[in-house]
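Asks: Residue numbers (mature numbering (1 follows the signal peptide of the UniProt record, and there is no 0)): -28 to -1, 1 to 203.
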């Protein structure tokens, strides 16, 4: 009788642990996909807020990484999942030069990018740490940028960052034809109030390795004519 009771207690404990994600680790496991977000620096800078180049100099005229963000299929997302796992530059020392090139900060005042990467890891990356660690998180984003190659995809379709305007359908079509998956296009407005190509969202599996079709898109929409500013 005693052994049956002990067994029942163990089963009850397992059931409780399985049904309640009270730990940070459980919270970190609970997401459905990543948004991989890249931004066009010309559109970031061509606003009333303007921008500041990083201390390493003006970035290349290419899309830069904004972040790799865990999300839920209902459109919500987890954040700041593990305050005990802060950004540690030593863990990504071999990636820093690539991050400076591909994941530059444009916020003012000018900085090295450490504050930007710290924010991205601590708000978003810690919510994926059960699947990928800190080094893998940043390496995954760098690999995804190469895989997507947004600027080449657009330029191959005749869509160039020359201040001209293009339709949303043409921009989305060019990217889907090249990448194979439907992007979400986010616009902002320049100092004259014109809609401009700002950010491109692609969706990624929970391992951070493969692009997938997005289960849900963010809210918001662009104007019918979208400017692609120079940088």
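Ideal Cβ positions, reconstructed from N, Cα and C, are used throughout, including at glycine.
All values derive from a computational prediction rather than experimental measurement.
Nearest to residue 161 by CA position, among 137, 88 and 179, is which residue?
Replies: Measuring from the Cα of residue 161, the nearest candidate turns out to be 137.
Asks: How many angstroms separate the CA atom of residue 195 from the CA atom of residue 184?
Replies: Computed Cα separation, rounded: 26 Å.
Asks: In angstroms with no decimal places, state the Cα-to-Cα distance between residue 135 and residue 18.
Replies: Distance between the alpha carbons of residue 135 and residue 18: 11 Å.
Asks: Residue 126 lies in the alpha helix (DSSP H); which residues open and close that run?
Replies: Start and end: 122 to 128.
Asks: Can you give me the C-alpha to C-alpha distance between residue 43 and residue 79, rounded to a whole angstrom?
Replies: Going from the Cα of residue 43 to the Cα of residue 79 covers about 24 Å.
Asks: If residue 69 sits next to residue 27, beta carbons under 8 Å apart, how far is it from one beta carbon to the other, in whole angstroms?
Replies: Wrong, their Cβ atoms sit about 14 Å apart, outside the cutoff.
Asks: Report the residue from 118, 177, 131 and 47 whose alpha carbon sits nearest the alpha carbon of residue 100.
Replies: Out of 118, 177, 131 and 47, 177 has the C-alpha closest to the C-alpha of residue 100.
Asks: Can you give me the C-alpha to C-alpha distance between residue 15 and residue 62, rounded to a whole angstrom?
Replies: Taking the straight line from one Cα to the other gives about 32 Å.
Asks: With a threshold of 7 Å on Cβ separation, who are the neighbours of residue 13 within its own chain once the five nearest residues in sequence on each side are excluded?
Replies: Once the five neighbours on either side are set aside, the close Cβ partners of residue 13 are 31, 36, 78 and 203.
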